[in-house]
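Trainee: I'd like to ask you about the structure that follows.
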Amino acid sequence: MPNAIQMAAYLWASPYTIIGIAIGLILGGRFQRVDGVIEIHGPRIAWLLRRMIVPAQALTFGHVVFGQNQAALASTRLHERVHVRQYERWGPLFVPMYLLFSAILFLRGRDGYRENPFEIEAYDAEESE
Ligand SMILES: [Zn+2]
Numbered sequence: 001m002p003n004a005i006q007m008a009a010y011l012w013a014s015p016y017t018i019i020g021i022a023i024g025l026i027l028g029g030r031f032q033r034v035d036g037v038i039e040i041h042g043p044r045i046a047w048l049l050r051r052m053i054v055p056a057q058a059l060t061f062g063h064v065v066f067g068q069n070q071a072a073l074a075s076t077r078l079h080e081r082v083h084v085r086q087y088e089r090w091g092p093l094f095v096p097m098y099l100l101f102s103a104i105l106f107l108r109g110r111d112g113y114r115e116n117p118f119e120i121e122a123y124d125a126e127e128s129e
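Residue numbering for the sequence shown follows full-length UniProt numbering, beginning at 1 and increasing consecutively.
Dropping the structure here:
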């Protein structure tokens, strides 16, 4: 049973979690629950992830993590869990803040993905494993 703080974190991130679940259902993904996070994978999800501006093995939406397949979900779990924690901290502000950082970096001729502070934190967690 989650405590009050965990419940608040789920609630705060829930707008994205709900969108994630809806996308997962529409795309006919397979759902699995790992450490309080819903992981969704499947061929249509893989197709979409490969065609994003920055092609990805996995992508986090609140407490939902999309992966190309189960292996991709496993290998990106540490990284994507940092993004889950970021959604818990920033709630509805997470995506606007992420895109704002990316836009500012891009406009300054920098890498809007790898130099994004949210990504730096996630890659740091991977490397310190
Ligand atoms: Zn990331």
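Virtual Cβ for every residue (Gly too), placed ideally from N, Cα, C.
1. Is H79 near ligand 1, judged by its Cβ being under 7 Å from some heavy atom?
2. Relative to the C-alpha of I45, which candidate in T60, Q68, R33, D111 has its C-alpha closest?
3. Excluding the five sequence neighbours on either side, which residues of its own chain have a C-beta within less than 7 Å of the C-beta of A56, listed in chain order?
4. Please tell me whether, using a cut-off of 7 Å, the distance from the CB of H83 to the nearest non-hydrogen atom of ligand 1 is below it.
5. Candidates V37, Y98, V95: which alpha carbon is nearest L73's?
6. Buried or exposed: which applies to E39, given that a residue is buried once 16 or more other Cβ atoms fall within 10 Å of its Cβ?
7. Measuring straight from C-alpha to C-alpha, what distance separates T17 and F61?
8. Rounded to whole angstroms, how far is the Cβ of Q6 from the Cβ of H41, which I believe are closer than 8 Å?
Mentor: Let's see:
1. At least one heavy atom of ligand 1 lies less than 7 Å from the C-beta of H79.
2. Closest by C-alpha distance to I45, out of T60, Q68, R33, D111, is Q68.
3. Here the set comprises L49.
4. Yes - ligand 1 has a heavy atom lying nearer than 7 Å to the Cβ of H83.
5. For L73, the nearest C-alpha among the options comes from V37.
6. Within 10 angstroms of the beta-carbon of E39 lie 16 or more other beta-carbons, which makes it buried.
7. For the pair T17 and F61, the Cα-to-Cα distance works out to about 6 Å.
8. Going by Cβ atoms, the distance from Q6 to H41 rounds to 25 Å, so no, they are not a contact pair.
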